[in-house]
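Here's the structure, in structure tokens; my notes come after.
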Amino acid sequence: MQYDFIAIGDMVTDAFIRLKNPAAHIDIDKDVREICMRFADKIPYEEVYVIPAVGNSANAAVSAARLGLKSAYVSNIGDDNFGKECMATFKKEKIGTEFIKINKGKKTNYHFVLWFDDDRTILVKHHSYKYELPDIGEPRWIYFSSIGEEAVDFHDTIVSYLDKHPKIKLAFQPGTFQIKIGSDRLKKVYARSELFFCNKEESQRILNSKENDIKKLLKGVNHLGPKITVITDGKEGAYVYDEYEDKYWSMPIYPDPAPPYERTGAGDSFSSTFTVALGLGLPVKEALKWGPINSMSVVQKVGAREGLLTRRELEQFLRDAPKDYFPKEI
């Protein structure tokens, strides 16, 4: 099958463990927020939710499929029950699974999410897999995000594939490890990126800068190679530098219908939805209006997938948007 959108990155099962007062609390010391519990104690929790087939790129694949693109996924899983649940979830979402490698004798990534109030701390472990890129044809877009630390050379494999298929557009949303190893090691990935996503704090780490001016941060990342750079900043919304038009844009968040319930996946939903909008032929200004709507919806649910919208649902939110919900040039 010829796909429109192929996501590449690690897949995981998330176990959300909802903590409560007084067993847990947030401590703030020198501007660092820490979740605190008594050591060597029995800590009660309210509830646990186990959500298979998530992760930055997995969420993007689901988002693309629900919004109307033919979507597939490149990843690794183990041959355990968690891997089987992940595969079943993707098939239910009508996402191509033929590029997902099942590793015999290996475990599927499993993360523990300590959920307190409306935010979370995630205990992560990426199992060691042999990363390979199968022949995925020539999709319109590749969406590349978080992978394990042993997969450094896999970035070169992806760039080599893109060099052989110059029509493919790359959207890059670096995960924690990809930011940690630095833009110099990944300079070919940055240079090949049509689209790039990160939040403000991540942009500062990528640029090794304490700069707060959003236009300077956007331009700094643009100098690394991406043609369209997107930086999100929480409640302040999102910002874009479009090299093609040489313009900067700011976009407010979409109003929450209720206080956020759980924030996992807000960034992924914005980035993937923005990419899908461009994949559907919409301009940057319209893509900026799409992204915050899926983010708003995702934080009303538990986990990164449940709140992802269909195109019909998203367009209804667009019709109901406040009059001031539109991008502004800055």
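Just so you know, the sequence shown maps onto residues 328 to 657 in the numbering used here. Idealized CB from N, CA, C, for every residue including glycine. Note that the structure is predicted; figures quoted are calculated from it, not measured.
> With distances taken from CA atoms, which of E521, I506, F504, L645 is nearest I495?
Replying inline: E521
>> Please classify G382 as buried or exposed, where buried requires at least 16 neighbouring CB atoms within 10 angstroms.
In response: buried
>> Closest to S348 by C-alpha separation, out of R365, F471, T340, D358, would be which residue?
In response: In the sequence under discussion, the amino acid at residue 348 is Asn, which differs from the Ser named in the question. The shortest C-alpha separation from N348 is found at R365.
>> Between R632 and I378, how many whole angstroms is the CB-CB distance? I'm expecting something under 8 Å.
In response: 7 Å
> Ordered along the chain, which non-local residues of its own chain (more than five positions away) have a Cβ less than 6 Å from that of D446?
Replying inline: R590
> Are G423 and H454 close, meaning C-beta to C-beta below 8 Å?
Replying inline: no
>> Which complete beta strand (DSSP E) runs does the region 568-623 hold, if anything under 3 residues is left out?
In response: 574-578
> Hey, quick one: how far does the alpha helix (DSSP H) through D490 stretch, first residue to last?
Replying inline: 481-491
> For V451, which three-state DSSP category applies?
Replying inline: coil
> Assuming F499 contacts V479 under a Cβ cut-off of 8 Å, what Cβ separation, rounded to an integer in Å, is found between them?
Replying inline: No, F499 and V479 are not in contact; Cβ-Cβ is about 15 Å, not under 8 Å.
> Out of curiosity, what's the CA-to-CA distance linking L635 and S384?
Replying inline: 14 Å
> Ends of the beta strand (DSSP E) at F523?
Replying inline: 520-526
> Given a threshold of 16 other Cβ atoms within 10 Å of its Cβ, counted over all protein chains shown, does G464 qualify as buried or as exposed?
Replying inline: exposed
> Just the Cα atoms here: how many angstroms apart are E674 and E412?
Replying inline: Outside the shown range of the chain (328 to 657) lies residue 674, about which nothing can therefore be said.
>> Under DSSP, the alpha helix (DSSP H) around F409 begins and ends at which residues?
In response: 408-419
>> Between the alpha carbons of V548 and A388, how many angstroms are there, rounded?
In response: 25 Å
> Do you know whose CA, among A392, P649, F343, lies nearest T448's CA?
Replying inline: F343
>> Runs of 3 residues minimum, wholly inside the region 337-370: which ones carry the beta strand (DSSP E) assignment?
In response: 339-346, 351-356, 359-364
> With a Cβ-Cβ cutoff of 8 Å, do A334 and Y400 count as a contact?
Replying inline: yes
> How should A367 be labelled, buried or exposed, when 16 other C-beta atoms within 10 angstroms of its C-beta is the threshold for buried?
Replying inline: exposed
> Do you know whose CA, among I427, R646, D462, F471, lies nearest K491's CA?
Replying inline: D462
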